[in-house]
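Colleague: Quick one: structure below, then a few questions.
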Amino acid sequence: MLTLVTGGARSGKSRHAEALIADAPQVLYIATRKSLTTRWPQGSSIIATGRPAHWAHRRALAAA
């Protein structure tokens, strides 16, 4: 299944999406940022913090 969750900045998208897939056996979590000039937070594992170990994580530049 492929699910796309959209919404405004700081609107709870991540929390909602994570609740939808909490029991999924296979997850690819794609973290986005606003632009090329926006820096990723320090530490390469920041997007994985607090998420199940079996979730795969990737970084991507937001399309908009």
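Residue numbers (the working numbering): 4 to 67.
C-beta atoms are modelled at their ideal positions from N, C-alpha and C, and glycine is treated no differently.
Computed from a predicted model, the values in this text were never measured in an experiment.
Which residues in the same chain as L1 place their Cβ atom closer than 6 Å to its Cβ, once the five residues preceding and following it in sequence are excluded?
Modeller: No answer is possible for residue 1: the residues shown for the chain start at 4 and end at 67.
Colleague: In chain order, which continuous runs of the alpha helix (DSSP H) of length 4 or greater are located wholly inside the segment 7 to 36?
Modeller: Taking only runs of at least 4 residues, the alpha helix (DSSP H) segments lying wholly in the segment 7 to 36 are 16 to 23.
Colleague: Return helix, strand or coil for A59, following the three-state DSSP convention.
Modeller: A59: strand per DSSP, three-state reduction.
Colleague: Leaving aside the five residues before and after H19 along the sequence, list all residues of the same chain whose C-beta is less than 7 Å from its C-beta, in chain order.
Modeller: So the qualifying residues of the chain are V8.
Colleague: Taking only the alpha-carbon atoms, compute the straight-line gap between A56 and S14 and give it to the nearest angstrom.
Modeller: Between A56 and S14, the C-alpha separation is close to 25 Å.
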